[in-house]
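S.K.: In our numbering, the protein residues as written are 538 to 982. Even glycine gets a Cβ: it sits at the ideal position worked out from N, Cα and C. Below are the structure tokens for one structure; questions will follow.
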Amino acid sequence: MSKKKILFIYPSSYDSQNRLIKSRKSFVPSRTLPYLAALTPRSYETRIIDELMDDLTFDEDVDLVALTGMLRHIPRAIDIAKEFQKRGVPSLIGGVGAFSLRNMVEESGAFESFIIGEVDETWQEILHDFEAGQLKRRYECATPPELSGLPPARFDLLNMKKYMRSFVNAKDPLVLIETSRGCPHNCSFCLVTRYFGKKMRYRPIGEVVDEIKYQGAKHIMFTDDNIAINPARARELFQAIKPLGIQWLGQFESRMIESPELLRLAAESGCRTAFVGIESIDKNNLVSIDKHQSARLDFKDVVNGFKEAGMDLFASLIFGMDHDTAEIIDRTIEQSIELNIDAIIPWMLTPIPGTACYDDFKKDNRLTHENYSLYDFFHPAIRTKQMSTAEFEEHYWQGLRRFYSLPSILLRAWRGRKLNVTWFLCSLYFHQQVKRGLHPFAGYS
538 MSKKKILFIY PSSYDSQNRL IKSRKSFVPS RTLPYLAALT PRSYETRIID
588 ELMDDLTFDE DVDLVALTGM LRHIPRAIDI AKEFQKRGVP SLIGGVGAFS
638 LRNMVEESGA FESFIIGEVD ETWQEILHDF EAGQLKRRYE CATPPELSGL
688 PPARFDLLNM KKYMRSFVNA KDPLVLIETS RGCPHNCSFC LVTRYFGKKM
738 RYRPIGEVVD EIKYQGAKHI MFTDDNIAIN PARARELFQA IKPLGIQWLG
788 QFESRMIESP ELLRLAAESG CRTAFVGIES IDKNNLVSID KHQSARLDFK
838 DVVNGFKEAG MDLFASLIFG MDHDTAEIID RTIEQSIELN IDAIIPWMLT
888 PIPGTACYDD FKKDNRLTHE NYSLYDFFHP AIRTKQMSTA EFEEHYWQGL
938 RRFYSLPSIL LRAWRGRKLN VTWFLCSLYF HQQVKRGLHP FAGYS
């Protein structure tokens, strides 16, 4: 008896001209689909297509299609499902993007089933119903799943050569590992708490270590939204991974500078890069998005705190908040250069359906469009309070060009005690992207 075939698809998205975006390479893969493939019994034949880079033909020999993606991918996911629907192949969809646009997803009629929330404990039920020809319209996990017993993600189903390589060793892929889910904060622009809940759930540290060993990777990206939110647990995790000799990057919140010993332990365990959601240098902005935990901290202190611990700093910034002016955008860029930040990723404030931020902008009639393919955080979607849209875009892109100009890159490279090869090369790539009018995270060309 031949195996039934499941095709997992991470859709691409459309540009402003409604053209499908394609690229030769990308930064990091989705962990969701390799993990879902790992949950699938080997009695099925499974494949993963990352449509940004991989070709998709709708005459694929498959029995079931499963899709997931972020907000901007959902319009394309609907189109894909409709094409398979014409050919009699059922499609399922789940994930954060579909959760955000649940009305659009369900009203499209393109999907046999809509999975709401985390799928860990419902996937076997879904497969059973599929075998019986009785897929339900909706599946929803009643309570968030515990994270013990998770199988190692099946990155073997991806061509990892198409994703970002460590600049230290070009043959070594960057592998994504999850150690927790949830976030106790409730920032108004973020969907994490609504999707994963405020209660933190942790994967047993021994299982995290086992997966790192299983994947055989020396360069790891931890996907946790805040790797050190629980200091005692973080300390135990860092001590456990230190003997593995890995290099890793993870997401931290700004107030971690108040725990310098823990930051040093993270660095000693192999943390080379801290991705920090600084968001804004303006305290009124931070209060306006309910990021009170960061509002009392000074931008300079945050930057220096991570650097003194021995980490490179990758700062996430959001422009377009209600207290942002052209002067604040310009000053943020200048301070980022002066403080020798290794890399910045500025995003445009983009209200995500399902968040308080979206509700407020919708109520105040400040959304400029609802073309969700362009809700990618580098196309304007709102009317800013202190600037026209044109002025906002001008200073946003001017700031990107300024930070990733060759003089700025060289200045920051030579200010250090030694040349940081990793971020020097990365910044040169970002320079090329920005020079071509592309956001640094728009994918490799």
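What's the C-alpha gap between S853 and G782?
M.R.: Roughly 27 Å between the two C-alpha positions.
S.K.: Return the first residue and the last residue of the alpha helix (DSSP H) that I865 is part of.
M.R.: Note, I865: alpha helix (DSSP H), 863 to 875.
S.K.: Work out the CA separation of N908 and Q661 for me, nearest whole Å.
M.R.: About 35 Å.
S.K.: Following the continuous beta strand (DSSP E) through R624, name the residue where it begins and the one where it ends.
M.R.: Where R624 is concerned, there is no enclosing beta strand (DSSP E), given that its DSSP letter is neither H nor E.
S.K.: Run through the stretch 586 to 661 for me and flag every whole alpha helix (DSSP H) of 4 or more residues, listed as ranges in chain order.
M.R.: With a minimum length of 4 residues, the continuous alpha helix (DSSP H) runs that stay inside the stretch 586 to 661 are 611 to 623, 633 to 637, 639 to 645.
S.K.: Keeping to the same chain, check which residues put their C-beta closer than 7 Å to that of N767; ignore five residues upstream and five downstream.
M.R.: Excluding positions up to five away in sequence, the list reads M737.
S.K.: Are the Cβ atoms of S563 and K698 separated by less than 8 Å?
M.R.: It is not a contact, given that the beta carbons lie outside the stated cut-off.
S.K.: Tell me whether the stretch 570 to 583 and the stretch 678 to 696 touch, counting them as touching only if at least three CB pairs, one residue from each stretch, are closer than 8 Å.
M.R.: A contact exists between the stretch 570 to 583 and the stretch 678 to 696.
S.K.: Consult DSSP for R949 and reduce its assignment to one of helix, strand or coil.
M.R.: In this structure, R949 counts as helix in the three-state DSSP scheme.
S.K.: So, for F621: in the same chain, excluding its five sequence neighbours on each side, which residues have a beta-carbon less than 7 Å away from its beta-carbon?
M.R.: Only F595, V602, S628 meet the Cβ criterion.
S.K.: Output the boundary residues of the alpha helix (DSSP H) element that contains L937.
M.R.: 926 to 940 is the extent of the alpha helix (DSSP H) around L937.
S.K.: So, I870 versus D838, is the Cβ gap smaller than 8 Å?
M.R.: For I870 and D838, no; Cβs fall outside 8 Å.
S.K.: Less than 7 Å separating the Cβ of E864 from some heavy atom of the ligand PLP?
M.R.: In terms of ligand content, the structure shown is empty, and the ligand PLP therefore cannot be addressed.
S.K.: Ordered along the chain, which non-local residues of its own chain (more than five positions away) have a Cβ less than 7 Å from that of S982?
M.R.: Because the pLDDT of S982 is 38, which lies under 50, any placement of that residue in the model is unreliable, and the number read from its coordinates should be weighed accordingly. These residues qualify, in order along the chain: S560, R561.
S.K.: Apart from the five residues just before and just after P741, which ones in its own chain have a Cβ nearer than 7 Å to its Cβ?
M.R.: Around P741: S685.
S.K.: Out of N902, V971, Y912, which one is the CA nearest neighbour of M885?
M.R.: If we check each option's Cα against that of M885, Y912 comes out closest.
S.K.: Just the C-alpha distance for A769 and A880, rounded to the nearest angstrom, thanks.
M.R.: Roughly 29 Å separates the two Cα atoms.
S.K.: Pick from S873, A846, M641, A811: whose alpha carbon is nearest that of D835?
M.R.: Ranking the options by Cα distance to D835, first place goes to S873.
S.K.: Check whether the stretch 931 to 947 and the stretch 900 to 907 are in contact - that is, three or more C-beta pairs closer than 8 Å.
M.R.: Taking 8 Å as the limit for Cβ pairs, the verdict is that the stretch 900 to 907 does not touch the stretch 931 to 947.
S.K.: Got a sec? Which residues, its chain only, sit under 6 Å from S567 by beta carbon, not counting five neighbours each side?
M.R.: Within the same chain, S567 has close Cβ partners Y547.
S.K.: Look at D709 and K755 and say whether their C-beta atoms are less than 8 Å apart.
M.R.: Yes, the Cβ-Cβ distance between D709 and K755 is below 8 Å.
S.K.: Compute the Euclidean distance between the alpha carbons of C678 and E655, then round it to the nearest angstrom.
M.R.: Spanning the two alpha carbons is a distance of roughly 7 Å.
S.K.: Report yes or no: do the stretch 962 to 972 and the stretch 940 to 952 share at least 3 C-beta pairs separated by less than 8 Å?
M.R.: The stretch 962 to 972 vs the stretch 940 to 952: in contact.
S.K.: Of the residues Y751, I815, F733, which one's Cα is nearest the Cα of L713?
M.R.: The candidate whose alpha carbon is nearest that of L713 is Y751.
S.K.: Tell me the residue span of the alpha helix (DSSP H) that contains R792.
M.R.: Segment: none, R792 is in no alpha helix (DSSP H) and carries neither H nor E.
S.K.: Taking DSSP as the reference, what is the three-state secondary structure of T583?
M.R.: It is a strand residue.
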